[in-house]
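Residue numbers (this note's numbering): 6 to 422. Positions of the beta carbon are idealized from the N, C-alpha and C atoms, including for glycine. The structure appears right after this line, and notes come after that.
Now the structure itself:
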């Protein structure tokens with residue numbers, strides 16, 4: 006099942022854009038992305054081709070078309086198309102080649118594509134992106150020290166100055182604002198025929214995307230991706246005002262954003278773990294699932310991936326440790342003041358006892374078990390996070406204990422052992 010909540014009605018927005026700017030390649034590419042979001046790969050392919058017809062050098066459409074061809078099982082056609090494209094030396098095209106080669110289990114081909122694209126004249130952003138990918142390919146080749154060195158270079162290129170002290174103050178404020186006696190507002194509308202939200206929370210790289218894809222294969226559960234609506238509410242009325250004086254329209258605004266007709270709909274914004282108190286205030290019937298993973302595996306996986314500027318702590322081991330410790334602190338607070346509310350799903354349990362873990366999760370949600378959840382990787386859902394490629398294949402255990410490959414590089418993270 007798939008809802009359109011990941012972006013504000015992306016298909017309608019993209020179709021409107023086509024009406025306004027029918028001659029722009031970007032408009033057709035935006036529509037193609039919307040079709041991919043909704044799992045309609047044939048329409049996505051047609052829209053990418055329309056974009057290329059408008060501008061044969063439009064690299065975003067060229068890369069997108071190749072990735073859709075690969076997803077449709079037309080891998081050789083995708084590779085030939087990229088090799089013959091007029092912008093075959095662009096970073097976006099190189100990354101498309103890398104993704105396809107990795108899916109084919111051809112890491113050496115992926116490495117060659119990266120090295121061909123990695124030139125000193127590239128912007129720091131593109132250099133960083135390529136180096137992060139290069140590190141992951143080197144890891145697949147079991148060249149672990151070289152992989153870590155690439156991630157260090159890539160992270161240095163895009164590292165920001167993460168305000169850790171401000172983040173700690175935010176957690177202080179959240180904990181002070183939400184105690185065990187926080188009242189439920191009279192305006193609650195959950196449980197009146199609208200979808201009951203399922204909030205999947207946890208640190209980045211803890212299994213949130215994987216779990217969403219699994220339970221989203223259930224016919225009664227829609228997936229809305231990472232919905233930023235709760236964060237908007239907090240920005241609108243910072244703590245403690247969002248708790249003491251929540252807006253009476255917030256529940257309906259949130260449900261409108263989910264845009265789902267199903268019984269349940271997931272929101273897998275990981276950082277919602279900070280706002281479980283507010284979520285419980287607005288939606289006391291909501292299901293809250295907390296994905297956990299070995300702390301060192303989680304942090305290594307964060308360090309090995311690129312995130313937005315808001316999450317620049319992933320580029321620095323000290324900041325990463327600090328944010329992880331605050332995450333543990335606030336989750337302990339929720340479990341203390343809201344005992345029994347949060348259902349915990351360890352990543353390691355999904356891997357080691359898949360069926361039993363998913364049966365328990367579906368039972369907690371309140372739906373019958375469905376075999377389609379065991380073949381989630383065949384679903385039409387499209388994940389748009391750094392985990393997207395991993396969740397398109399069956400469960401594997403190679404990421405359990407990942408940190409052990411990099412023992413001598415973990416530095417300050419060893420405090421988490």
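With C-beta atoms as the reference, is residue i less than 8 Å away from residue j?
i, j, result
"residue 328", "residue 172", "yes"
"residue 318", "residue 325", "yes"
"residue 41", "residue 49", "yes"
"residue 410", "residue 302", "no"
"residue 266", "residue 372", "no"
"residue 127", "residue 96", "yes"
"residue 74", "residue 43", "no"
"residue 162", "residue 139", "no"
"residue 417", "residue 323", "yes"
"residue 335", "residue 279", "yes"
"residue 273", "residue 230", "yes"
"residue 62", "residue 92", "yes"
"residue 46", "residue 76", "yes"
"residue 207", "residue 275", "yes"
"residue 236", "residue 285", "no"
"residue 349", "residue 405", "no"
"residue 4", "residue 228", "Only positions 6 to 422 of the chain appear in the structure, and residue 4 is not among them; the question remains open."
"residue 80", "residue 113", "no"
"residue 107", "residue 223", "no"
"residue 215", "residue 300", "no"
"residue 26", "residue 36", "no"
"residue 251", "residue 182", "no"
So what's residue i in DSSP terms, helix, strand or just coil?
i, result
"residue 119", "helix"
"residue 72", "helix"
"residue 251", "coil"
"residue 400", "coil"
"residue 416", "helix"
"residue 348", "strand"
"residue 124", "coil"
"residue 206", "strand"
"residue 266", "coil"
"residue 373", "coil"
"residue 272", "strand"
"residue 201", "strand"
"residue 422", "coil"
"residue 111", "coil"
"residue 146", "coil"
"residue 358", "coil"
"residue 53", "helix"
"residue 152", "helix"
"residue 133", "helix"
"residue 244", "coil"
"residue 79", "coil"
"residue 20", "helix"
"residue 162", "helix"
"residue 194", "Because the pLDDT of residue 194 is 48, which lies under 50, any placement of that residue in the model is unreliable, and the question is left without a value."
"residue 256", "helix"
"residue 368", "helix"
"residue 231", "coil"
For residue i, report the span of its alpha helix (DSSP H) as first-last.
i, result
"residue 238", "234 to 241"
"residue 91", "First-last for residue 91: undefined, no H or E at that position."
"residue 227", "Unbroken run through residue 227 is the beta strand (DSSP E), 226 to 228; no alpha helix (DSSP H)."
"residue 297", "It is not in any alpha helix (DSSP H) - residue 297 instead sits in the beta strand (DSSP E) that spans 292 to 297."
"residue 319", "Careful: residue 319 lies outside any alpha helix (DSSP H) and carries neither H nor E."
"residue 302", "300 to 308"
"residue 182", "169 to 182"
"residue 61", "No alpha helix (DSSP H) holds residue 61; DSSP gives it neither H nor E."
"residue 405", "Neither: residue 405 is in no alpha helix (DSSP H) and is coded neither H nor E."
"residue 216", "213 to 221"
"residue 280", "Element bounds for residue 280: n/a, residue is neither H nor E."
"residue 36", "30 to 42"
Thinking residue i and residue j are a contact (beta carbons under 8 Å), I'd like their distance in whole angstroms, please.
i, j, result
"residue 271", "residue 221", "6 Å"
"residue 71", "residue 58", "In fact, because the Cβ distance is near 16 Å, the residues do not count as touching under 8 Å."
"residue 68", "residue 98", "5 Å"
"residue 312", "residue 209", "7 Å"
"residue 320", "residue 160", "4 Å"
"residue 400", "residue 359", "5 Å"
"residue 203", "residue 347", "Incorrect: roughly 12 Å between the Cβ atoms, too far for contact."
"residue 414", "residue 153", "5 Å"
"residue 51", "residue 34", "The Cβ separation is near 12 Å, so there is no contact."
With 8 Å set as the bound, which would you pick, yes or no: does the beta-carbon of residue i sit closer than that to a beta-carbon of chain D?
i, result
"residue 357", "Absent from the structure is chain D; it holds one protein chain and no more."
Checklist entry - If you pair each beta-carbon of the region 199 to 214 with each one of the region 163 to 178, do three or more pairs fall below 8 Å? => result no
Next on the checklist: Could you check whether the region 134 to 144 touches the region 279 to 299, counting it as contact only if at least three pairs of C-beta atoms, one from each stretch, sit closer than 8 Å?
Outcome noted: The answer is no - the region 279 to 299 does not touch the region 134 to 144, with fewer than three Cβ pairs under 8 Å.
Checklist entry - For the region 360 to 374 against the region 244 to 262, are there 3 or more C-beta pairs whose distance is under 8 Å? => result no
Item to check | the region 115 to 126 touching the region 94 to 103, judged by at least three CB pairs closer than 8 Å | outcome: Counting Cβ pairs under 8 Å, three or more are found: they touch.
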